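Scroll down for the structure; my scribbles are underneath it.
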Amino acid sequence: MADQPLLAGIDIGTTNIKAVIFEPTGSVVAGASVSTPIHYPQPGWAYYDPTELWQAAATVLRQATDQIADTGRIVSVAVASAGEAAVPLDAQGRPTYDAIAWFDQRTQPQTEWLAHAIGQDRLFEISGLSLQPIFGLCKLLWIKENQPEAFARTVRWLNLADYIAYKLCGVPATDFSLASRTLVLDLQKLQWHEPLIREVGLRPDLFAPLCPSGAVLGHITPAAAQETGLPTTVQVAAGGHDHVCGALAVGVTQPGLMLNSMGTAEAIFLPLEKPLLDPTMGQQGYTQGAHVVGGQYYVLIGLYTSGACVDWLREIMGETTDFTGLIAEAEQVPPGSLGVCFLPHLRFANPPHDDPKGRGAFIGLSTDAKRGVLFRALLEGLAYEARYSLETLLAY
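So for the sequence shown, the working numbering puts the first residue at 1028; every next one is plus one.
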């Protein structure tokens, strides 16, 4: 209906930044997407320029709102994003350093220090997370050790979604689902674990006030309204971790259900009534967190390069390679891919083998291994990896 209120959502993804405007029933009425600006300064490193991220988010919002005849119908906006990456801010709300991408591998020394100083099992007991270099605490410690001037000016650490929400309304906050990806959230109490934060040499006030997903943060500022096309009457609400928001969208909110959410990375998501406490889970790389649905939790299998593997193979075959053609060629290859196997560890090994130094491989190559064989082997490798990780998790 023409007078029905509208809602807006932004997703700050690894590959794309998307904005959607929709009716409360879920019917989409407008949308836009741009590529996520990301930089790769050296092997193993990747970062986002916070200013570029905000400009891209404002652009897609403007493109979406331009499709709405009466933007006054938009009543609320929320932001979801990939987890782990965050923006350090100074007292004036300006970035002090780049946002290190979630999959950046420079933080391995900090991960090893945490394993020695705190212990993997203790971190799992507190946060529900396995100790991996992707998590927020490792990135913040890297900045402290390697960019001391930037760290000295840093007063706030905002996850990507929190940063965009802050730019929209001027209120710093983080929801429980994104806080779950920092390593310093007490998962059972849903509070920042201040003793742990101090023990690693940080100030608890670096981390934003916590709130549930959906909490109203404030209204669009005049400056943000001018850049995005959203009226100042629009309320900004806390969003959350992208995979977890996706679970809510498709109704995966209760134990007994499962979501496979695939993008650059693949997340196999199972809701829980309460966190699981077996430290072996953490040792094998499984992670837990707070659902965006109040009172619910989840356990997550992170397969770090599922979509990225597909993009990688297409890229080395040539940018003009068509996915439709690759799929057609793979369909002509018998199951088993003529004995070619693919190990999908292009950035890290996946659970239950928690090895950040793990690397991928094609095995069983011969002169018969043409494009279709390689593509089918890659898809089979991803499928086998997902099944193996899930079967191991279900043993708990």
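Using N, Cα and C, we set each Cβ at its ideal position, and we do this for glycine too.
Remember, it's a predicted structure, so these values are computed and weren't measured experimentally.
For E1300, the nearest candidate out of G1334, S1154, Q1215 and P1070 (CA to CA): Of the candidates G1334, S1154, Q1215 and P1070, the one whose C-alpha sits nearest the C-alpha of E1300 is Q1215.
In DSSP terms, what L1229 is bridged to: For L1229, which the question treats as bridged, DSSP gives no partner whatsoever.
4-residue-minimum alpha helix (DSSP H) runs that sit fully inside the segment 1094–1126, ordered along the chain: Here no run is fully enclosed.
CA-to-CA distance, T1307 to G1241, given in whole angstroms: Roughly 33 angstroms between the two C-alpha positions.
Extent of the continuous beta strand (DSSP E) to which K1045 belongs: Where K1045 is concerned, the enclosing beta strand (DSSP E) starts and stops at N1043 to F1049.
Terminal residues of the beta strand (DSSP E) in which A1317 lies: Taken as a continuous stretch (DSSP letters only), the beta strand (DSSP E) holding A1317 covers T1314 to A1317.
Same chain, Cβ closer than 8 angstroms to P1231, five either side skipped, listed in chain order: So the list reads W1219, E1221, I1224 and R1225, once near-sequence residues are dropped.
Distance CB(L1297)-CB(L1327) smaller than 9 angstroms: In contact: L1297 and L1327 (Cβ atoms closer than 9 angstroms).
Reference Y1331; option with closest CA among G1110, V1106 and A1422: With distances taken between Cα atoms, Y1331 lies closest to G1110.
Beta-carbon contacts of L1033 that lie in its chain and below 6 angstroms, excluding the five residues immediately before and after: Within the same chain, I1048, R1100 and I1101 come within 6 angstroms of L1033 by CB-CB distance, once the 5 residues on both sides are set aside.
8 angstroms contact criterion, which W1072 and D1131 should meet: CB distance rounded: Contact check for W1072 and D1131: beta-carbon distance about 6 angstroms, within the 8 angstroms limit, so the pair qualifies.
Reference V1320, options Y1124, G1267, A1357 and P1249, closest by Cα: Nearest option by C-alpha distance: G1267.
Boundaries (first-last residue) of the alpha helix (DSSP H) holding F1234: Premise fails: F1234 is in no alpha helix (DSSP H) and is neither H nor E.
Beta-carbon gap between A1057 and T1092 smaller than 9 angstroms: A contact, by the Cβ cut-off of 9 angstroms.
CA nearest to the CA of Q1359, picked from T1134, A1422 and G1399: Closest by alpha carbon: G1399.
Three-state secondary structure assigned by DSSP to E1293: Secondary structure of E1293 (DSSP, three-state): strand.
Coarse secondary structure for P1298, derived from DSSP in three states: Reduced to three states, the DSSP call for P1298 is strand.
C1368 versus E1356: straight-line alpha-carbon distance, rounded: Straight-line Cα distance between these residues: approximately 17 angstroms.
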